[in-house]
Amino acid sequence: MPYGYSGKFLRVNLSTGAVKVEERDDTYYRRYFGGWSFILDTLLREMPAGADPLGPDNILVFATGVVSGVPISGSARNAVGAKSPLTGAVGLSEVGGFWGSELKRAGWDAIIFEGQSERPVYLSIVDEVVELRDAGALWGRTTKETLEQVRQEMGEPRARVAAIGPGAENLVRYACIINDLKDAAGRCGLGAVMGSKRVKCIAVRGTKDIPVADPDRVRELARTMARGVAAGELAVNMHKYGTGVDLAGGEVSGNLPIRNWQGTRFPEAKDISAETLAETIRARMEACYACSVRCKKVVALEAPYKVDPDYGGPEYETIGAVGSNCGVSDLAAISKANELCNAYSIDTIAAGSAVAFAMEAYERGLLTIEDTGGLELRFGNGDAMVQAMELIARREGIGGLLAEGAALAAKRIGRGAEDFAVHVKNQDLPMHEPRYKRALAISYAVSPTGADHCHALHDTGYTTAGESIRRAGAIGIVEPVPLESLGPDKVRLTARGTMQNTLYNILVTCMFVPWTPQQQVDIVEAVTGWKTSYFDLMKGAERAFSMARAFNAREGFGAKDDYLPLRSQGPRAEGALTDGGIDPAALREALDNYYAMMGWDAEGCPTRACLEELDVAWVADVLELDRARG
Amino acid sequence: MSEGTARVTVRLGHGLRHRTCGEAEREMRVPDGTRIVHLVVAFGLDPAEVSIVSRQGTLSSLEDVVADGDLVELYPPIGGGC
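Going down the list, the sequences are from chains A and B. All you need for the working numbering is the position in the first sequence, starting with 1, plus 41. All you need for the working numbering is the position in the second sequence, starting with 1, plus 17.
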């Protein structure tokens, strides 16, 4: 009997309605660990190159990992993947809450959706009992209405629900999937894939214990983290405030995006910071499954906007995207936008970025008051930003254009608008300035999912011989690297740091829980009973990352698609980072160096030798077969 | 640090306060020519853990010299999602 996983995947054919159980052997788990790797193995083996992301050939995978659902901090998450309708590349997103652990406790490690249903459906899972049910009455409903009705229909008030709202049904290109109203598999438009397949939600109730190899060791590790957090020694600010603390520091350093990344000053940053939120509109803090860090803020408000606490509260990325990047300094408007995005299932980063882009276009005269249907889309207009969220989700008026994302909207507007659409592979930049954190210039460009802040490396901690450098000894980084460097030292740090972050996405664990590398190894060993090492885990991460790049190569992506947007290259308008920018030639050299260090060819595609070294030679076969077919 | 002529306020971002047992702000009288790194050490902080320095609301550095009436704000590195 395996420990930590059941060995069972669910496969749901939405075209036929057939649900079947598939088994994976121990070698599969030992090689892949979970999350991204499960998803990429499925997509590369089963999805034809060139598939329409919103058509029946796309495959949508929900995956856990070998330690998911074990009662230990950081184990709550699940990953979701498919071909992205936003980027056309691989779409991968990870999400917290309770859904992933509930799926494991129901006895399932992953769910594969293939085909396309003719009518709305939802998947009901109560341990071994799995049913595809009619969701006609749920279509058009918010995520909250869906959650409440499905729990009632199932007679399972404790069912966990991964749902889409009207934004995803309307195929907003960056629609997301919401776990229990609060937690988003936010990026890459995977909610639109779910909407295109007409799957309204997956409701799960799991009642089983997950067997682990060494229960005493698992309990000891769980207690170590819980005690460290309780004593104020670990995850101190994450526990107290969650994300988004000290925004004034982000503003003065230039990291915080202001008014569509123009980089003007924004002294109001302190007014939307997490510590201000805690003192004003925060109702409480909550936790994901079994987590002692407890970093999820919840907002409750009656006026000037009514904000339902069931939808949680804004994280840093949301505060930046619908706040400072739209010039909005009103926490109530930011929280309302967060609520609407969760109710309609649209990504707060992309939605905020689309609105910020539209505000700049409006102020430049490229969009008129007629185009916006009377909406004064000026920077700082929080009410207009909130109204825009409604329009986007319903694809009404200007919302129809903005639902395509800033990149495609800019192409349609033309007249120079593309110069201030800030994206990589159509994926809007997350709320961290690559001119400040130069590792992000590299990370955003090479990320297989487009600009991303989770698997990217944030290099500000590595410039002095402080705590980050001491911890980086585990990956062989032993001396500080200057912040402005794009040289081999920065490329090496970025590549290795990105693999450390990718490790979270194959174990499907949370990067906000400060487990050390050795503790990560200890957790995997205690749960599975395997003998492993940090080298082995890092190789697993590298395997997943290179498989993602291989997926993109099949879809025609190459070196030309690894870039930094124009706005991110020049100097900022005011304050920090005004005395230069990023030299495109230096960045190109860094990217070429990154490819070489990773064992990829000049187009950034993993070589056969690289894939063989990573024990996935079959991926090289897939690539060669595609090339032979032309 | 000896008493001097400049009165300076040093304020810590929330991300550094756990390193000073919660102390958030301190007013100091310092000699002319005092650099911000001296204030950091006087506050009991390791300069390696200070990533962002603001002086009078403008980006500054540990090597900058303070002046009478300055407000110096210090922040740790900004990570992903923070």
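No residue lacks a Cβ here, since even glycine has one placed at the ideal position from N, Cα and C.
Neighbourhood of Ala59(A) by C-beta, 6 Å cutoff - its chain only, sequence neighbours within 5 removed: The answer is none, since no qualifying residue turns up.
Contact check, Tyr163(A) vs Cys242(A), beta carbons under 8 Å: Their beta carbons are under 8 Å apart, which means Tyr163(A) touches Cys242(A) by this criterion.
Report all residues from its chain with a CB closer than 6 Å to the CB of Val427(A); omit the five preceding and five following residues, and keep chain order. So the list reads Ala374, Lys377 and Ala378, once near-sequence residues are dropped.
Return the bridge partner residues of Gln468(A) from the DSSP annotation. DSSP, once it has assigned bridges, lists Val465(A) as partnering Gln468(A).
Nearest CA to the CA of Val234(A): which residue from Gly96(A), Ile219(A) and Leu318(A)? With distances taken between CA atoms, Val234(A) lies nearest to Gly96(A) out of Gly96(A), Ile219(A) and Leu318(A).
Starting from Thr501(A), find everything on chain B with Cβ-Cβ shorter than 7 Å and list it in chain order. Within chain B, the residues near Thr501(A) are Ser68, Pro94 and Ile95.
With a cut-off of 8 Å, does the C-beta of Glu525(A) fall near any C-beta of chain B? So, not an interface residue.
For Cys651(A), count neighbouring C-beta atoms within 10 Å of its own C-beta (all shown protein chains included) and say buried if the count is 16 or more, exposed if not. With 16 or more other Cβ atoms inside 10 Å of its own Cβ, Cys651(A) counts as buried.
Find out if the Cβ-Cβ distance for the pair Tyr352(A), Lys223(A) is shorter than 8 Å. Taking 8 Å as the cut-off, the Cβ atoms of Tyr352(A) and Lys223(A) count as close.
Less than 8 Å between the C-beta atoms of Ala482(A) and Ile623(A), yes or no? Yes, Cβ-Cβ distance for Ala482(A) and Ile623(A) is below 8 Å.
Going straight from the alpha carbon of Arg260(A) to that of Ser114(A), what length do you get? Rounded to the nearest angstrom, the two C-alpha atoms are 11 Å apart.
At which residues does the beta strand (DSSP E) containing Ala244(A) begin and terminate? For Ala244(A), the enclosing beta strand (DSSP E) stretches over residues Val240 to Arg246.
Rounded to whole angstroms, what's the CA-CA distance from Ala395(A) to Glu437(A)? Just pull it up for me. For Ala395(A) and Glu437(A), the distance between alpha carbons rounds to 14 Å.
Shorter than 8 Å from the beta carbon of Asp349(A) to some beta carbon of chain B? Chain B, which has no Cβ nearer than 8 Å to the Cβ of Asp349(A), makes this no.
Quick check: what's the CA-CA separation for Met18(B) versus Thr51(B)? With a pLDDT of only 49 at Met18(B), under the threshold of 50, the placement of this residue in the model should not be trusted; the figure read from the coordinates follows. Their backbone Cα atoms lie some 10 Å apart in a straight line.
For the region 302–319 of chain A against the region 613–629 of chain A, do three or more pairs of beta-carbon atoms, one drawn from each stretch, fall closer than 8 Å, so that the two count as touching? Under the 8 Å Cβ criterion, the region 302–319 of chain A counts as touching the region 613–629 of chain A, having at least three qualifying pairs.
Chain A within 8 Å of His55(B), Cβ atoms only: So, not an interface residue.
Could you tell me whether the region 358–367 of chain A touches the region 407–417 of chain A, using the rule of 3 or more Cβ pairs below 8 Å? Segments in contact, no.
Contact with chain B by His473(A), beta-carbon distance below 8 Å: Interface annotation, His473(A): in contact with chain B, CB-CB separation under 8 Å.
Got a sec, what are the start and stop residues for the beta strand (DSSP E) Glu404(A) sits in? Run containing Glu404(A): none in the beta strand (DSSP E); it sits in the alpha helix (DSSP H), Thr389 to Glu404.
Residues that Ser509(A) contacts on chain B, provided the C-beta gap is smaller than 8 Å: Taking a Cβ-Cβ cut-off of 8 Å, the neighbours of Ser509(A) in chain B comprise Pro94, given in sequence order.
Cys99(B) versus Lys311(A) - alpha carbon distance: A caution first: Cys99(B) carries a pLDDT of 43, below 50, which makes its placement in the model unreliable, though a value can still be read off. Between Cys99(B) and Lys311(A), the C-alpha separation is close to 14 Å.
Closer than 8 Å by beta-carbon distance: list the chain B residues that pair up with Ala506(A), in chain order. Near Ala506(A) (Cβ distances below 8 Å), the residues of chain B are Ala65.
Do you know how far the Cα of Thr128(A) is from the Cα of Glu445(A)? In a straight line, the C-alpha of Glu445(A) is about 11 Å away from that of Thr128(A).
By the criterion of Cβ-Cβ separation under 8 Å, what are the contact partners of Glu615(A) in chain B? The contacting residues do not exist; Glu615(A) stays about 10 Å from chain B at best.
Can you tell which of Ala480(A), Ile80(A), Glu508(A) and Glu316(A) has its C-alpha closest to the C-alpha of Leu527(A)? With respect to the C-alpha of Leu527(A), the residue from Ala480(A), Ile80(A), Glu508(A) and Glu316(A) having the closest C-alpha is Ala480(A).
Ile69(B) by DSSP, collapsed to three states: which one? Ile69(B): strand per DSSP, three-state reduction.
Consider the Cβ of Ser78(B): report whether some Cβ of chain A lies at a distance smaller than 8 Å. Not one chain A Cβ lies under 8 Å of Ser78(B).
Could you check where the beta strand (DSSP E) with Tyr477(A) kicks off and where it finishes? Looking at the DSSP string, Tyr477(A) is not in any beta strand (DSSP E), and its letter there is neither H nor E.
Candidates Val47(B), Ala41(B) and Pro48(B): closest to Pro62(B) by CA position: Looking at the sequence provided, one finds Leu at residue 62(B) rather than Pro. For Leu62(B), the nearest C-alpha among the options comes from Ala41(B).
Count the other CB atoms, across all protein chains shown, that sit within 10 Å of the CB of Gln73(B); report buried if there are 16 or more and exposed otherwise. Around the CB of Gln73(B), fewer than 16 other CB atoms lie within 10 Å, so the residue is classed as exposed.
Among Val369(A), Val363(A), Arg335(A) and Arg323(A), the one whose alpha carbon lies nearest that of Pro350(A): The shortest Cα separation from Pro350(A) among Val369(A), Val363(A), Arg335(A) and Arg323(A) belongs to Arg323(A).
Which residues, taken in chain order from the region 262–289 of chain A, show a beta carbon closer than 9 Å to some beta carbon of chain C? Protein chains in the displayed structure are A and B, and chain C is not among them.
Could you spell out the range, first to last residue, of the beta strand (DSSP E) harbouring Glu135(A)? Per DSSP, Glu135(A) belongs to the beta strand (DSSP E) from Val131 to Val136.
Between which two residues does the alpha helix (DSSP H) harbouring Ile375(A) extend? For Ile375(A), the enclosing alpha helix (DSSP H) begins and ends at Leu372 to Tyr385.
To the nearest angstrom, how far is it from the Cα of Glu520(A) to the Cα of Thr501(A)? Taking the Cα positions, Glu520(A) is about 13 Å away from Thr501(A).
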